[in-house]
Amino acid sequence: APSGPATVVTPIDPAWILGRAALERVTGSLRFVNKGVERTLYLSEGRPVIATSNVPEERLGAVLVRKEKITPGELKEALNYAAKKNLRLLQILVTMGVLTEKEKVEEVAEHYAERTLALFAWVEASIEFTSRPAPVEDVTVQLPAERLIAEGVRRHYDLPRLQALLRGDRVLSPAADLSTRAMLLSLTEAELAPLPLVDGIRTVADVCAAAALARAVSKAEGFTVEITAGTPSLLDSLRALYACLCLDLVV
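FYI, our numbering numbers position 86 of the sequence shown as 138, with every residue one higher than the one before it.
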């Protein structure tokens, strides 16, 4: 993982960084800074557990208001009480009867996930890694790194970005457990389609072309995927292949 002060802005690949952190079971914080915006991910054994941001619109209270989970008045009341009593905002909202305990946990997990996914839109930043445990929080979550990587690539990696990261003439080989571990990524049927075609012989371009043109039921490595003409798209295939590459499901 990167280390040192977060001062020099360099190109970054959040999917690859989180993939390495997951595989190496990293514990610590990754601080990303770009144009005054700061995002920090706290990792425990490779899994994101807390995601912070200095963007006011990304504060949980503001998010809950936008989602109409609470009213602006309820937020103001809860913030005032939390400041006076030195208590957590969400616990105050539960005490007020605005949120249930179950909703509190769900909102925190979704909030951290969305903050993490926003990082995937960045193509450059300064990075600082610090080996340390995550702060103690009222709600403890462990976000699935595999699903975050797949969703981050799906949302923010467009075709030019993927083609720059994954050359068409590269030959990929499947990991022995590709078929089982790929399920952890929650890929769509179209995204799963190229994976059985990775064989250590075909290039990335060959795999994508075969997945798009074949009209058959592919049964290999435990997959059963209906592949129809024109589906999946090149973008679907590259997203799935690159997410798998970041997690060593293909190499």
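Where a beta carbon is used, it is the ideal one built from N, C-alpha and C, also for glycine.
For the 8 angstroms CB-CB criterion, L127 and V115 do not form a contact.
Here A130 is buried, its C-beta having at least 16 other C-beta atoms within 10 Å. A residue is called buried once 16 or more other Cβ atoms fall within 10 Å of its Cβ, and S81 is buried on that count. Beta-bridge partners assigned by DSSP to E176: P63. Leaving aside the five residues that flank I122 on each side, the residues in its chain whose CB is nearer than 8 angstroms to its CB run, in chain order, G113, L116, A130, L145, V150 and L151.
In the structure shown, I253 adopts coil according to DSSP, grouped into three states. According to the DSSP secondary-structure assignment, Y94 is paired through a beta bridge with S81 and I102.
Just so you know, the alpha carbons of V250 and A177 end up roughly 33 angstroms apart.
The three-state secondary structure of N132, taken from DSSP, is helix.
Contact between the segment 227 to 242 and the segment 93 to 110 is absent: fewer than three C-beta pairs spanning the two stretches fall below 8 angstroms.
Cα atoms of I179 and L93: separation of roughly 11 angstroms, rounded to the nearest angstrom.
The criterion of a C-beta distance shorter than 8 angstroms is not satisfied by S289 and G252. In chain order, R140, L141 and I144 place their CB closer than 7 angstroms to the CB of A134, counting only its own chain and leaving out the 5 sequence neighbours on each side. With contacts defined by Cβ atoms closer than 8 angstroms, Y164 and V188 do not form a contacting pair. For T240 and K137, the gap between their C-alpha atoms comes out near 46 angstroms. For D288, the uninterrupted alpha helix (DSSP H) segment begins and ends at L286 to C298.
For T182, the three-state secondary structure derived from DSSP is strand. No Cβ-Cβ contact shorter than 8 angstroms links L236 with E203. When DSSP states are grouped into helix, strand and coil, V89 belongs to the strand group.
With respect to the 8 angstroms criterion, A264 and S285 are classified as neighbours on the basis of their beta carbons. Closest by C-alpha distance to A257, out of S238, L218, P248 and A245, is L218.
Rounded to whole angstroms, the separation of the alpha carbons of A295 and Y209 is 10 angstroms. With a minimum length of 4 residues, the unbroken runs of alpha helix (DSSP H) contained wholly in the segment 137 to 220 fall at 141 to 147, 153 to 171, 197 to 208 and 211 to 217. Residue burial annotation: V78 is buried, with at least 16 other C-beta atoms found within 10 angstroms of its C-beta. By the neighbour-count criterion, in which a residue is buried when 16 or more other Cβ atoms sit within 10 angstroms of its Cβ, V303 is exposed.
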